[in-house]
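A.B. asks:
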Amino acid sequence: MTSNDMVVREGTNVTLNCKAKGFPEPYVMWRREDGDEMAISGENVNVVDGEILHITKVSRLHMAAYLCVASNGVPPSISKRVQLRVQFPPMLSIPNQLEGAYVGQDVVLECHTEAYPASINYWTTERGDMIISGKHTVTNILFLSNLLHWIEINLLGNYTGGVPSTR
Numbered sequence: 090m091t092s093n094d095m096v097v098r099e100g101t102n103v104t105l106n107c108k109a110k111g112f113p114e115p116y117v118m119w120r121r122e123d124g125d126e127m128a129i130s131g132e133n134v135n136v137v138d139g140e141i142l143h144i145t146k147v148s149r150l151h152m153a154a155y156l157c158v159a160s161n162g163v164p165p166s167i168s169k170r171v172q173l174r175v176q177f178p179p180m181l182s183i184p185n186q187l188e189g190a191y192v193g194q195d196v197v198l199e200c201h202t203e204a205y206p207a208s209i210n211y212w213t214t215e216r217g218d219m220i221i222s223g224k225h226t227v228t229n230i231l232f233l234s235n236l237l238h239w240i241e242i243n244l245l246g247n248y249t250g251g252v253p254s255t256r
């Protein structure tokens, strides 16, 4: 039985299987579709020989499409694609920890997040109030320019970027 696409949690073990039949008996190997090396048993390798690809303690770096390629010298070789998705909790970074502005001036607060599945991102004031705005971009940058012109002095203060807790 050949593995189908998989979604697994970071830190678990993963085994991908690939069976091929033919005469002469086919040689089977695994590789990443993007050509990057695979971290297998503490070593970085381009190819894993055999029908089984075992990844111990899978990490977000293992998230990729994998190809099982079977060849027996009789064209064509065949391949099966297996997409491995790794669920991991949000990581966030705020490149500019301190931003200053005059009243009425445009300000951009920036928070970068990485998670799978994608996280829900938000900003809060120092009182804990959530900033609600439809001005989010796919890079999770909240543009406060219209709010600053409208509310002006009420927006001065400390803000925290965050993601909801998954527990």
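Residue numbers (the working numbering): 90 to 256.
Backbone N, C-alpha and C fix where the C-beta goes; we use that ideal spot for every residue, glycine too.
1. Name the one or two DSSP bridge partners that N133 has.
2. I'd like the span of the beta strand (DSSP E) that includes A109, first residue to last.
3. Look at the alpha carbon of V199 and the alpha carbon of G162, and state the distance between them as a whole number of angstroms.
4. What does a CB cutoff of less than 6 angstroms around A159 pick up in its chain, not counting 5 residues either side in sequence?
5. What residue from R149, R98, A154 and G124 has the CA that sits closest to E92's CA?
6. Using DSSP bridges, identify the partner residues of R121.
7. May I ask you to report which of helix, strand or coil DSSP gives R170?
8. Using the C-alpha atoms, what's the distance from I144 back to I242?
9. Anyone know if the C-beta pair for F177 and A207 falls short of 8 angstroms?
10. Based on the DSSP secondary-structure assignment, which residues constitute the bridge partners of S160?
11. What did DSSP end up calling L150 once you bin it into helix, strand or coil?
12. Please determine, among R121, E140 and N185, the residue with the shortest C-alpha to C-alpha distance to N258.
13. Since T202 is in the beta strand (DSSP E), which residue starts that stretch and which ends it?
C.D. replies: This is what the structure holds:
1. A128
2. That residue, A109, is in no beta strand (DSSP E); it is neither H nor E in DSSP.
3. Here the sequence assigns Glu to residue 199, which means Val is not the residue at that position. The straight-line gap from Cα to Cα measures roughly 54 angstroms.
4. A109, P115, V117 and I167
5. Looking at the sequence provided, one finds Ser at residue 92 rather than Glu. Measuring from the Cα of S92, the nearest candidate turns out to be A154.
6. Y155
7. strand
8. Note that I242 scores 38 on pLDDT, short of 50, meaning its location in the model is unreliable; the coordinates nonetheless yield the value given after this. Those two C-alpha atoms are separated by around 54 angstroms.
9. no
10. Y116
11. helix
12. It is not possible to answer for residue 258, since the shown part of the chain is limited to 90 through 256.
13. H201 to Y205
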